[in-house]
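So for the sequence shown, numbering that gives the first Met the number 0 puts the first residue at 0; every next one is plus one. From the three backbone atoms N, C-alpha and C, an ideal C-beta is built for every residue, glycine too. Input: a single structure, listed below in structure tokens.
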Amino acid sequence: MVYLGRKEGIQDGDAMQDIWGARQWADSACTRGFIVPALRQKLARDPKKKSELARAAGRRAVTELVRLGPSYVKIGQIISSRPDKVPEEYIEELKCLQDNVPAFSGRRARAILEAELKKPVSELFKEFDDVPLAAASLGQVHRAVLPDGREVAIKVQRDKLKEMYDLDLPQFDKITDMMDRFKIGVDAKTMFKDAKVILYREIDYTSEAENTRRLAKAFENEPWVKIPNIIDDYTTEKILTMEYVPGIKIDNLEKLDATEGIDRKLLGENLAKAYLLQFCKYGVFNADPHPGNLAVDTKSKGGRLIIYDFGQVSYLTESQCDGVLQVIQSIVDLDAKACVKAFDKLGAIKPGADTTALTAKIAENFRLGKVWIASREQERKPTPSRRSRTGRSRTARS
């Protein structure tokens, strides 16, 4: 049977792969899967009924996105990471697309591996698990053992992915226009503005390998974070092989709490620190930090963070890195003018924007307590001079 949404045990990724070529359904699927259910939810007056319809619309969207193929599954993943743009009920349903996409067979995976690496799988690996560890929109991950005994995780890209993108992506503008025209509560055009560039960039695994190597090198002396090393001889545009580093998915709170030695508070602090280092020191950061790409093991005090998947990264100039620090400092200081100046340094303010109005709005947010954590910290202890605190911030980058 073919996978039709959230139910496990009825997946047939090969069958789904074979029918993904028929993407002429996109317009009707958009109407059937997104617009009609979303309009029903929007027109409902009872809050409980409205929430139920929104959740049902999210489930229907999952079904249609999976039917349409990898490009559309990726769109669902993008939507699921934008709670600022999409109702909560949609987010909860679409989250299953982060790491619960129909897997193709081990037979198909072996054929792709042999075509890319030019040798039989029996010569390439001492062991190869036909059942994947996880399946995603672009490919799936298999565990294997190299001839020298090293355990590895191999990301195998789906068949004909670029050809699917070439057919699908020109339809995105048309579909987002439909969604925006019906005002269904999803800001589609804004979210998908950069999707085309991102999606093509992700399907070159040699680019992902380079991104991974760069960040693995940056964090190599930090025992509280792990980025798997790349195995170059087994990596191509469609195959990415890295050391096998299993862990507990970061949103599996029950398992994290049941595992001795894991401190969720410390994990949260370390995750924030990992991203601040990427933003403010290294100038390169993982731009796709959903729970499917983050895990935890016990090889460091409180739990070691494991970061996977560097298909999407963004780069910052030195000036932008400094701008991020200045934004943080201005929030700690509750200084609206400095905050706007820092945003401008980041390039986040359009030319000709009304900075006076923006400054007033940020100042109002500060007064209303929308940065209440910083405010409470200010109340608890004396505020050092800006110069001394900025000096400490800059030291963190060195």
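Here the alpha carbon of K225 sits roughly 30 angstroms from the alpha carbon of E92. Its Cα nearest to that of P227, the residue K216 stands out among K237, K216, T235. Comparing alpha carbon positions, the residue from E88, N364, H141 closest to V120 is H141. Partner residues in the beta bridge of I261, as assigned by DSSP, are G301. In the DSSP secondary-structure assignment, N285 is bridged to V312. With contacts defined by Cβ atoms closer than 8 angstroms, V326 and F342 form a contacting pair. Within the same chain, and ignoring the five residues on either side of I361 in sequence, the residues whose Cβ sits closer than 8 angstroms to its Cβ are A335, C338, V339.
The continuous alpha helix (DSSP H) containing E162 extends over residues 160-167.
Under the three-state reduction of DSSP output, I153 falls in the strand class. Beta-bridge partners assigned by DSSP to Q139: A134, V155. Taking C-beta separations shorter than 7 angstroms and ignoring five residues to either side along the sequence, the partners of W223 in its chain run N269, S299, R303, L304, following chain order. Counting only runs that start and end inside the stretch 303-365, the beta strand (DSSP E) elements of at least 3 residues fall at 303-306, 312-314.
In this structure, DSSP gives D296 an extended state, which the three-state scheme calls strand.
In this structure, DSSP gives T240 an extended state, which the three-state scheme calls strand. V61 sits in a helix when the DSSP states are folded into three classes. Shown here for L357: same chain residues with a beta carbon closer than 6 angstroms to its own, the five before and five after excluded, namely V339 in chain order. For Y71, the enclosing alpha helix (DSSP H) covers residues 69-79.
T211 and I229 have their alpha carbons spaced roughly 7 angstroms apart. Counting the other Cβ atoms within 10 Å of the Cβ of V196 gives fewer than 16, which makes it exposed. Counting only the Cα atoms, D45 lies some 29 angstroms from D176.
For T235, there is no enclosing alpha helix (DSSP H), since its DSSP letter is neither H nor E. Membership of S121 in the alpha helix (DSSP H) is indicated by the continuous run 120-123. DSSP places V196 in the helix class (H, G or I) of the three-state scheme. Rounded to whole angstroms, the separation of the alpha carbons of V295 and A53 is 32 angstroms.
Per DSSP, the unbroken alpha helix (DSSP H) holding L112 starts and ends at 105-116. Ranking G75, G68, Y281, Y274 by CA distance to the CA of G57 puts G75 first. In this structure, S79 sits near L96, with a CB-CB distance shorter than 8 angstroms. In this structure, the CA atom of D250 is about 32 angstroms from the CA atom of T316. Straight through space, the alpha carbons of Y199 and L116 are spaced by roughly 22 angstroms.
Between the stretch 102-111 and the stretch 125-137 there are three or more inter-stretch CB-CB distances shorter than 8 angstroms, so the stretches are counted as touching.
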